[in-house]
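Structure first, commentary second.
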């Protein structure tokens, strides 16, 4: 199983996050599994996980909300190719087969991991 978050901002980073464990939280705080450098995101902004064999996103009560393909969502099933916006950072989500197991997360320098 592999979920890739690719930053697609106006000035995109060359960095991707490759997620090999789910669920993971995304936010700007050290307590998030994936820490992004975005002051518009909440400390623990949202969670990606697997539910009923499908990738899902859950907003965790963030101040500015989480967008999926430009629409604010609190809970959404994600499909490969969808775009999620956390704070003002937008990612394209792509994945292959999903699994419920927890394995290590890897990320490039755009992201800090706790």
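In this note's numbering, the protein residues as written are 4 to 117. By construction, the Cβ of each residue, glycine as well, lies at the ideal position given by its N, Cα and C atoms. The structure displayed is predicted, hence computed values, not measured ones.
Apart from sequence neighbours up to five positions away, the residues of its chain that approach residue 70 with a beta-carbon distance below 6 angstroms are 88, ordered along the chain. Annotation for residue 74: the continuous beta strand (DSSP E) segment containing it runs 74-76. Residue 81 sits in coil when the DSSP states are folded into three classes, being neither helix nor strand. Between the stretch 61-75 and the stretch 31-38 there are fewer than three inter-stretch CB-CB distances shorter than 8 angstroms, so the stretches are not counted as touching. Taken through DSSP and simplified to helix, strand or coil, residue 35 comes out as coil. Listed in chain order, the non-local C-beta contacts of residue 91 below 7 angstroms within the same chain comprise 41 and 43, local neighbours out to five positions each way being set aside. Take residue 45, set aside five residues on each side of it, and the residues of its chain with a beta-carbon closer than 6 angstroms to its own are 30, 65 and 66, in chain order.
Bounds of the beta strand (DSSP E) holding residue 53 are 49-54. Leaving aside the five residues that flank residue 80 on each side, the residues in its chain whose CB is nearer than 6 angstroms to its CB run, in chain order, 57 and 59. Residue 48 is a Cβ neighbour of residue 28, given a cutoff of 9 angstroms.
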